[in-house]
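Data first, discussion second: the structure below is written as structure tokens.
In the numbering used here, the protein residues as written are 231 to 513.
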């Protein structure tokens, strides 16, 4: 297909970004769409340099994927902000628009896609959940909570070092009308009970940090772990060994990238080509 769109540039911003699979996803999409001359790179960028990097970009730059530690900086930099990015308080997507730069949070789409992979959808076609366990209270926990609320979750147990660290998640839960409580970030009977009674458990913390929780989290019937490297994580291995359903961060990454590609190009994402680029078979 010969594209009528002029060549454009895009990239993922963050630190570190050398391991990112976003370039593979976006390059596969542009090739499948016939967008000759479009490029997508990985740019090492800290939060305090994001404004300089994006603000100095030429007109050929159409969009950026944003990873840690730059998501709050992306939200602050943007000229306009989507409702969900404002609600969550961070942005993983910057798109050039007629009004400057638009910030969005497609991480919500990523978690929604991962939930659907294990039978939990917004429409409740397979199962509409009411209870969830959310491990971690950092930047990824907030879009995860938003996706859980959209899927029907009304009660969430937040696993965090202390209630102070979970303040942002608890505030968002209140805004989403989700009842939330905090339990200690440690293997315990409370965590085992919470995971065993929840419809889904979502982990948003690094594999090494969550490893100690594996004996308790093994009680989960369904697990979404946002990590994709290393894989399987200790949590994923424990839940799978106990017979639970598991989906990893690669599925989340893929689903959040669909929306980014569509916003950057104005065309439907070529999902099969993107999935194949990271070794996922959608058939």
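In this text, a Cβ means the ideal position worked out from N, Cα and C, and glycines have one as well.
What does residue i pair with, by DSSP beta-bridge criteria?
i: residue 452; result: 475
i: residue 333; result: 311 and 324
i: residue 244; result: 274
i: residue 457; result: DSSP output for residue 457 lists no bridge partner at all.
i: residue 239; result: 269 and 291
Check whether the Cβ atoms of residue i and residue j lie closer than 7 Å to each other.
i: residue 451; j: residue 440; result: no
i: residue 442; j: residue 417; result: yes
i: residue 273; j: residue 308; result: no
i: residue 464; j: residue 448; result: no
i: residue 365; j: residue 435; result: yes
i: residue 312; j: residue 329; result: no
i: residue 268; j: residue 314; result: no
i: residue 362; j: residue 386; result: yes
i: residue 466; j: residue 476; result: yes
Taking 7 Å as the CB-CB limit, is residue i close to chain C?
i: residue 239; result: Of the protein chains in this structure there is only one, and it is not chain C.
Just mark residue i as buried or exposed, buried being the case when its beta carbon has 16 or more other beta carbons within 10 Å.
i: residue 276; result: exposed
i: residue 360; result: exposed
i: residue 354; result: Bear in mind that the predicted position of residue 354 carries a pLDDT of just 47, short of 50, making it unreliable; the figure below should be weighed with that in mind. Looking at its Cβ environment, which holds fewer than 16 other Cβ atoms inside 10 Å, residue 354 is exposed.
i: residue 326; result: buried
i: residue 337; result: buried
i: residue 429; result: buried
i: residue 397; result: exposed
i: residue 409; result: exposed
i: residue 255; result: buried
i: residue 373; result: buried
i: residue 515; result: With the chain covering only 231 through 513, there is no way to say anything about residue 515.
i: residue 347; result: buried
i: residue 490; result: buried
i: residue 305; result: buried
Could you pull out every unbroken alpha helix (DSSP H) segment of at least 4 residues lying fully inside the segment 418-443, listed in chain order?
419-427 and 437-440
With a floor of 4 residues, list each alpha helix (DSSP H) that falls wholly inside the segment 300-330, ordered by position along the chain.
301-307 and 313-318
To test your reading of the DSSP string, which unbroken beta strand (DSSP E) runs of 3 or more residues are found completely within the segment 353-422?
361-365, 385-390 and 409-414
Decide if the segment 280-290 is in contact with the segment 257-265; the criterion is three or more beta carbon pairs, one per stretch, under 8 Å apart.
No: fewer than three Cβ pairs fall under 8 Å.
Of all the beta strand (DSSP E) runs that stay within the bounds of the segment 263-306, which reach a length of 3 or more residues?
Segments of the beta strand (DSSP E) lying fully in the segment 263-306: 269-274 and 291-296.
For the segment 454-469 against the segment 384-395, are there 3 or more C-beta pairs whose distance is under 8 Å?
Taking one beta carbon from each stretch, the segment 454-469 and the segment 384-395 have fewer than 3 pairs nearer than 8 Å; the two do not touch.
Assess contact between the segment 336-350 and the segment 371-379, defined as three or more Cβ pairs (one per stretch) separated by less than 8 Å. Is contact present?
Segments in contact, yes.
Count Cβ pairs between the segment 321-341 and the segment 470-478 that sit closer than 8 Å; are there 3 or more?
no
Could you check whether the segment 236-250 touches the segment 297-317, counting it as contact only if at least three pairs of C-beta atoms, one from each stretch, sit closer than 8 Å?
Contact between the segment 236-250 and the segment 297-317 is present: three or more C-beta pairs spanning the two stretches fall below 8 Å.
Just list the beta strand (DSSP E) runs in the segment 476-509, keeping only unbroken ones of 3 residues or longer that don't cross its boundaries, in chain order.
none
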